[in-house]
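So that you can map any letter, position 306 of the sequence shown is 306 in my numbering, and since no number is skipped, the others follow by simple counting.
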Amino acid sequence: MTSAVDVVVVGGGQAGLAAGHHLRRQGLDFVILDADAAPGGSWQHMWDSLHLFSPAEHSSLPGRLMPAQPGEAYPDAGHVVDYLADYEKRYNLSVQHGTRVDAVRRNAGQLMVEADTGTWRARAVISATGTWSRPFLPATPGREVFTGRQLHTVNYRSPADFAGQRVIVVGGGNSGAQIAADLTLDGHVNVTWVTQRPPRFLPDDIDGRALFDVATARRRALEEGRSDTGGVASLGDIVAVPPVRSARDAGLLSVRPMFTRLTADGVRWDDGSHSGADAVVWCTGFRPALAHLAPLNLRGPRGHIPTDGTRVLGEPHLHLLGYGDWTGPASATLIGVGRPAREAAHQIARQLST
Ligand code: FAD
């Protein structure tokens, strides 16, 4: 069965919902197709102890402030799921959960969106599928011979799953630091944290609020033709959220340079020595989940799909929202996605009215 609609939004996490909010304000007819059976996007899959790195009022989508979570300065992931579920309902955002889009194709000047539950003919598409469903694991010698458990950030839940075990956490970003802290603070896991270069902690007084201000200042500078202020990456990589700070200050977050290979029962270090390990947690990042766009043949030389803001250069009826800075500064954060979502909806409304 094929349905016709002005706009299909692929993905119903925070980016898809922000898009829906602004499409509604533009009076456009749209549907949001989301692979997850329940609201909340990737937040519903995060590990048990995860908290935001910004207070609630600095983690809001357009139109509705996130309420504070009682007793928590920085809300947990469950609170974000509740907020997104409420947002979806409050704005009546016609999200079809449990619908996975397999392909988007061109057809007679329109876009055909093929999902496992049907096909939609759309005049424009916003892709907002995030990165959570595409975990990245680096090619590392011996990964196939290691007989212990290997998991990625997306599979990590809590230290209880590793009680009494020797765990190697790989990755010098926020996920690596937070999972290493979570495991060490538990006190029942023998943790080795491994990073490719020495971890760079942001100053303790910098949280998501300050990061957003820095990203905004950078965008303004670039828009006004001033020199690049360097953005967030120039300050450091790791937000010193309370558990990371506690573990670091207690001396529990010692770090080793990356091992050279995995062996059947552990890892081999640069100096030839060996450590046994029961599990390796790869906190090594994500890639944008864009397989459904493959039929459009849009990838540029760096693997990214080239865009002007959110609009795809090779397909003007397609917008990308929320994947990373290349689709708008801070667009992969709760507070940052509102602006590019508004711009995408405005552009689509203008395009469809001509
Ligand atoms: P997602 O939340 O991943 O939503 C994408 C949706 O698309 C999902 O519901 C999925 O089911 C659906 N989907 C995927 N593929 C398809 C398909 N083919 N067809 C249909 N549906 C599909 N940001 C902050 O603002 N504050 C923080 O403190 C913060 N902490 C973070 C901590 C961690 C560990 C991580 C990983 C990220 C954090 N972020 C934080 C960043 C950011 O807010 C999240 O990455 C956010 O979830 C991105 O939202 P999204 O809507 O783009 O993608």
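In this text, a Cβ means the ideal position worked out from N, Cα and C, and glycines have one as well.
When DSSP states are grouped into helix, strand and coil, V255 belongs to the strand group. Residue burial is scored here from C-beta neighbours: R218 has at least 16 other C-beta atoms within 10 angstroms and is therefore classed as buried. Here DSSP, grouped into helix, strand and coil, assigns L334 to coil. Its chain contains G309, T310, L321, T327, G328, S331 as the residues whose beta carbon lies nearer than 7 Å to that of P340, once the 5 sequence neighbours on both sides are disregarded; these appear in chain order.
DSSP places P159 in the helix class (H, G or I) of the three-state scheme. Judged by the Cβ position, H304 fails to qualify as a neighbour of the ligand FAD at the 8 Å threshold, every heavy atom of the ligand being at least this far.
Inclusion of L334 in the 8 Å shell around the ligand FAD follows from its C-beta lying nearer than that to a non-hydrogen atom of the ligand. Around the beta carbon of H51, a 10 Å sphere encloses 16 or more other beta carbons of the protein chains shown; the residue is thus reported as buried.
Short of 8 Å from the beta carbon of L28, and not among the five residues preceding or following it, lie these beta carbons of its own chain, in chain order: D6, V7, A345, I348, A349, L352. Counting other Cβ atoms within 10 Å of its Cβ, R220 stays below 16 and is therefore classed as exposed.
Within the same chain, and ignoring the five residues on either side of T119 in sequence, the residues whose Cβ sits closer than 8 Å to its Cβ are M1, T2, S3, M112, V113. Within a 10 Å sphere around the beta-carbon of L313 sit fewer than 16 other beta-carbons, which makes this residue exposed. Cβ-Cβ separation between L202 and I238: approximately 6 Å, consistent with a contact (criterion under 8 Å). Straight-line measurement puts the Cα of G272 at about 41 Å from the Cα of D76. A straight line joining the alpha-carbon of A247 with that of A181 spans about 6 Å. For a cut-off of 8 Å, the C-beta gap from W282 to V170 is around 5 Å, short enough to register as a contact. If only complete runs of 3 or more residues are kept, the region 71-152 shows the beta strand (DSSP E) at 95-97, 101-107, 110-115, 118-127, 149-152, in order along the chain. For G324, same chain residues with a beta-carbon under 6 Å away, outside a window of 5 residues either side, are A332 in chain order. With fewer than 16 other beta carbons inside 10 angstroms of its own, V145 counts as exposed.
Between I168 and V267 the beta-carbon gap is near 6 Å, inside 8 Å, which marks them as a contact. In this structure, the alpha-carbon of A250 lies about 20 Å from that of I206. Within 10 angstroms of the beta-carbon of E223 lie fewer than 16 other beta-carbons, which makes it exposed. Cβ atoms of T153 and P135 come within 8 Å of each other, at about 7 Å.
DSSP places D249 inside the alpha helix (DSSP H), whose first and last residues are 242-249.
Around the beta carbon of G109, fewer than 16 other beta carbons lie within 10 angstroms, which makes this residue exposed. Non-local C-beta neighbours of L65 in its own chain, meaning closer than 8 Å and more than five positions away in sequence, comprise A56, E57, ordered along the chain.
Short note on M66: C-beta not closer than 8 Å to any heavy atom of the ligand FAD. L137 and T354 have their C-alpha atoms spaced approximately 45 Å apart.
Restricted to the region 1-74, the alpha helix (DSSP H) segments that are unbroken, complete and at least 4 residues in length are 14-25, listed in chain order. Taking C-beta atoms as the reference points, P257 and T195 count as a pair closer than 9 Å.
Remark: the C-beta of T153 is in contact range of the ligand FAD, defined as less than 8 Å to any heavy atom. The beta-carbon separation of F162 and A279, rounded to 6 Å, stays under the 8 Å limit for a contact.
Excluding sequence positions up to five before and after W43, its CB lies within less than 6 Å of the CB of A77, V80, V81, all in the same chain and listed in chain order. In the displayed model, N174 falls within a helix according to three-state DSSP.
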